[in-house]
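Below: one structure, written as structure tokens.
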């Protein structure tokens, strides 16, 4: 989903630069994070994308190393694929490194683990969702947009960041809902894992109705931000709307 | 040691660019690799740099995430610290990403694990040492040199690569020797771990005397390559010589 978001963001003001390599790099980082999150020391998930998770299909060492290999691959690919535009390449590397670093993806996952079994706390949950999930979705929109014709327009980039953050928060609220309303077969990953791991989720904290309202309101914010950016918005707006009603 | 090698390589033809940030990034990647290699699923080491290894001091999830956070930090730092020289920044990112990727650091570690308990095989052992150890030492010399005045001289860069590869192979042969001749207190890490993990090492395969000869001959190759590059070689030559007689 993250790569498609990058392509859709690029569609707003498409230019000569190919957004596909950047989209692939986003998926590379996302995939590493799933492989590591599934490990027994973290979420201990047996199923991923409808197949045994990496450490179940192989072993723990292989899963750790597969993740470790994917991270530098993403940065190598950005450095080589956009070598003819070194400043843009550096900006993409910076966006992806920050989104996947200690203050975002990894920090969010760490807080998520620390929060397991703790007293529900909205501030902690907002931090986790913002950093574990929304930061990479924000990076997807920003990186795709950065490769378009208006990629150096700072106010537009800020709007894309806002859109990405709101979409990320909506996405995670929907994820929390799906974990309780869907089956493992539908999700392609272990359903009910949040409760098993005593995760803090919006569903646990607010109930299903309010969690759904939250997802809706964040989705509206994302749509509005994209409309403000303008350009060929149709694909991205439809994608954001579809994410609210997704079933897996 | 890797950061100092980068600084020494930079000393050959020092220029205006500061090699310290690049040296720090090399140490960041090296540190992540130690944290992950020490994990129970890999080398299962309790002691590192004279203190409990990361997963012993904290827990496995924290150690996995600490490593995961360090990798993008190195690339973010290279992208920001050398932002005024985007082409050099990309070249550094490329060197570090390749050295730490699936074909070098991670590939070497994977082969190392697969080789545990297997029939001794010189080709496999050479592959492991070349990729698990020598590639990052090669990157240290190349990255330090790249930031100096002659950093875009391709024949010189090739010689620095050769020097790094030879030095890396010498370093690993000395490491194999120290694992059997030193104590954990001297090493600051678990001595005898290679035998416990049934690792393939030059000592196991060739015996101590021949392993020592191998270390010497690779060291000579490294010294010769550096002498051919020229410039202010004294610091780097002394460092390479010191690495042969190190005790930890």
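Residue numbers (my numbering), protein chains in the order written: chain V, 75 to 322; chain Y, 75 to 322. All C-beta atoms, glycine included, are put in the ideal place defined by N, C-alpha and C.
Outcome for residue i when other beta-carbon atoms lying within 10 angstroms are tallied against a minimum of 16
i	result
residue 220 of chain Y	buried
residue 172 of chain Y	buried
residue 103 of chain V	buried
residue 97 of chain V	buried
residue 188 of chain V	exposed
residue 146 of chain Y	buried
residue 298 of chain Y	exposed
residue 246 of chain Y	buried
residue 124 of chain Y	exposed
residue 132 of chain V	exposed
residue 283 of chain V	exposed
residue 82 of chain Y	buried
residue 319 of chain Y	exposed
residue 90 of chain V	exposed
residue 321 of chain Y	exposed
residue 196 of chain Y	exposed
residue 137 of chain Y	buried
residue 232 of chain V	exposed
8 Å Cβ cutoff, residue i in contact with chain Y
i	result
residue 110 of chain V	yes
residue 234 of chain V	no
residue 238 of chain V	no
residue 161 of chain V	yes
residue 157 of chain V	yes
Residue-level contact to chain V via CB, residue i, 8 Å cutoff
i	result
residue 231 of chain Y	no
residue 268 of chain Y	no
residue 164 of chain Y	yes
residue 180 of chain Y	yes
residue 225 of chain Y	no
Proximal residues of chain Y, C-beta to C-beta of residue i below 8 Å
i	result
residue 172 of chain V	146 and 150
residue 256 of chain V	Residues of chain Y passing the Cβ test: none, with the nearest at roughly 26 Å.
Residue i: contacting residues in chain Y (beta-carbon distance under 9 Å)
i	result
residue 113 of chain V	115, 134, 135 and 138
Interface residues of chain V facing residue i [CB-CB closer than 7 Å]
i	result
residue 154 of chain Y	168
residue 176 of chain Y	143 and 147
Residue i to residue j span [Cα, whole Å]
i	j	result
residue 139 of chain Y	residue 198 of chain V	18 Å
residue 78 of chain Y	residue 129 of chain Y	27 Å
residue 117 of chain V	residue 80 of chain V	27 Å
residue 365 of chain V	residue 267 of chain V	An answer regarding residue 365 of chain V cannot be provided, because it is not within the stretch 75 to 322 covered by chain V.
residue 213 of chain Y	residue 252 of chain V	46 Å
residue 85 of chain Y	residue 285 of chain Y	31 Å
residue 121 of chain Y	residue 256 of chain Y	14 Å
residue 88 of chain V	residue 161 of chain Y	25 Å
residue 290 of chain Y	residue 178 of chain Y	24 Å
residue 315 of chain V	residue 293 of chain V	7 Å
residue 271 of chain V	residue 155 of chain V	40 Å
residue 207 of chain Y	residue 112 of chain V	29 Å
residue 168 of chain V	residue 273 of chain V	31 Å
residue 193 of chain Y	residue 127 of chain V	31 Å
residue 239 of chain Y	residue 114 of chain V	37 Å
residue 181 of chain Y	residue 107 of chain Y	12 Å
residue 203 of chain Y	residue 134 of chain Y	26 Å
residue 174 of chain V	residue 159 of chain Y	24 Å
residue 242 of chain V	residue 150 of chain Y	22 Å
residue 227 of chain Y	residue 304 of chain Y	13 Å
residue 217 of chain Y	residue 165 of chain Y	8 Å
Cross-chain neighbours of residue i in chain V, by beta carbon under 8 Å
i	result
residue 221 of chain Y	Residues of chain V passing the Cβ test: none, with the nearest at roughly 16 Å.
Proximal chain V residues relative to residue i, where beta-carbon distance stays under 9 Å
i	result
residue 214 of chain Y	Chain V residues near residue 214 of chain Y: none, gap ~16 Å exceeds 9 Å.
Scan the stretch 303-315 of chain Y for residues whose Cβ lies nearer than 9 Å to a Cβ of chain V and list them as they occur along the chain.
-> none
Taking a cut of 8 Å between CB atoms, which residues from the stretch 183-198 of chain Y lie near chain V?
-> 183, 184 and 187
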